[in-house]
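Read the structure below first, then the notes.
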Amino acid sequence: MPGRKFFVGGNWKMNGDKKSLGALIETLNKAALDPNTEVVCGAPPIYIDFARQKLNAKIGVSAQNCYKVSKGAFTAEISPAMIKDCGASWVILGHSERRHVFGETDELIGQKVAHALSEGLEVIGCVGETLDEREKGVTEKVVFEQTKAIADNVKDWSKVVIAYEPVWAIGTGKTATPEQAQEIHEKLRSWMKKHISADVASNTRIIYGGSVTAGNCKEIAGKADVDGFLVGGASLKPEFVNIINARK
Ligand code: PGA
Numbered sequence: 001m002p003g004r005k006f007f008v009g010g011n012w013k014m015n016g017d018k019k020s021l022g023a024l025i026e027t028l029n030k031a032a033l034d035p036n037t038e039v040v041c042g043a044p045p046i047y048i049d050f051a052r053q054k055l056n057a058k059i060g061v062s063a064q065n066c067y068k069v070s071k072g073a074f075t076a077e078i079s080p081a082m083i084k085d086c087g088a089s090w091v092i093l094g095h096s097e098r099r100h101v102f103g104e105t106d107e108l109i110g111q112k113v114a115h116a117l118s119e120g121l122e123v124i125g126c127v128g129e130t131l132d133e134r135e136k137g138v139t140e141k142v143v144f145e146q147t148k149a150i151a152d153n154v155k156d157w158s159k160v161v162i163a164y165e166p167v168w169a170i171g172t173g174k175t176a177t178p179e180q181a182q183e184i185h186e187k188l189r190s191w192m193k194k195h196i197s198a199d200v201a202s203n204t205r206i207i208y209g210g211s212v213t214a215g216n217c218k219e220i221a222g223k224a225d226v227d228g229f230l231v232g233g234a235s236l237k238p239e240f241v242n243i244i245n246a247r248k
């Protein structure tokens, strides 16, 4: 908690249009947001430019994915250079939908992390176990392996936020309990201390994602190793403001 600025990311996924996102942006721009929270909105790629132009400068904009090289014959992919050119400074990588719907591997995610950081983007790196993995008792193994694939490609940890998002909690309304979130966040921080450094472990933000709402955010935000949220569904609604203000 000390020194780690609370971080709330919105992941709009493939949702919204100029009208609805414009209205959401207006709500965010007008709201009294906790100045102690860093806020970043993950816009669909085609609306990154739109979001950056409309959102107040103090709210960051993120892409939801990128490719591992700067340009070339890679139909429909977008590069960190393009994301930056549209004024966004973050990218979400390794989201569970990229892993499980689109088959992205730890290796590819690691390459994307390396390239995005080398191009000057900041990275929200996502990790998390499936229900099957949790029931088999391999949550830690899975989460540590995914984190290692990201960590092996990071030199400057001040540019990275780790999002712990149990797959069984994403979009299901089945939020992890505050204790379940805290348990994995604490273990992740110990893993970082052992495998990276004590400094990185104590300074890196580990945020929770998976069915976070205005109703459950305060209790989860009260846990010592939870440094914020990555919010899907609720980030498209006015209640996103309450989640941003969870520690207020
Ligand atoms: P959710 O999504 O809040 O809709 O569960 C979280 C995420 O996928 O980042």
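Under our numbering, the sequence shown has 215 at position 215, and the numbering climbs by one with no breaks. Note that the Cβ used here is the ideal one computed from N, Cα and C, for glycine as well.
>> Would you call the segment 134-144 in contact with the segment 109-117, where contact means no fewer than 3 C-beta pairs closer than 8 Å?
In response: no
> According to DSSP, is GLU135 helix, strand or coil?
Replying inline: helix
>> Going by C-alpha to C-alpha distance, which of ASN245, THR75, GLY125, LEU24 sits closest to ARG99?
In response: GLY125
>> I'd like the span of the beta strand (DSSP E) that includes LEU93, first residue to last.
In response: 90-93
>> Pop quiz: THR37 and ILE244 are said to be a contact at Cβ under 8 Å. What is the actual Cβ separation, rounded to whole angstroms?
In response: 5 Å
>> Am I right that VAL241 and LEU33 are in contact with their C-beta atoms under 8 Å? What's the rounded C-beta distance?
In response: 7 Å
> What are the boundary residues of the beta strand (DSSP E) that includes PHE7?
Replying inline: 6-11
> Would the C-beta of VAL212 count as close to the ligand PGA, meaning under 7 Å from any of its heavy atoms?
Replying inline: yes
>> Considering only DSSP beta bridges, list what GLU38 is partnered with.
In response: PHE7.
> Given HIS115, which residues of its chain have a CB within under 7 Å of its CB, disregarding the five upstream and five downstream residues?
Replying inline: LYS68, VAL69, PRO80
> How big is the Cα-Cα spacing for GLY228 and GLN180?
Replying inline: Taking the straight line joining both Cα atoms gives about 15 Å.
> Excluding five sequence neighbours on each side, which residues of the same chain lie with their C-beta closer than 6 Å to the C-beta of THR130?
Replying inline: VAL167
> Got a sec, what are the start and stop residues for the beta strand (DSSP E) PHE229 sits in?
Replying inline: 228-231
> Looking at GLY10 and VAL231, is the spacing between their C-beta atoms short of 8 Å?
Replying inline: yes
> Regarding GLY232 and the ligand PGA, is the C-beta to nearest heavy atom distance less than 7 Å?
Replying inline: yes
>> Quick check on DSSP: helix, strand or coil for TYR67?
In response: coil
>> Quick check on DSSP: helix, strand or coil for ALA51?
In response: helix
> Looking only at its own chain, which residues have a Cβ that is under 7 Å from the Cβ of VAL154, when we skip the five neighbours before and after it?
Replying inline: VAL113, LEU117, VAL160
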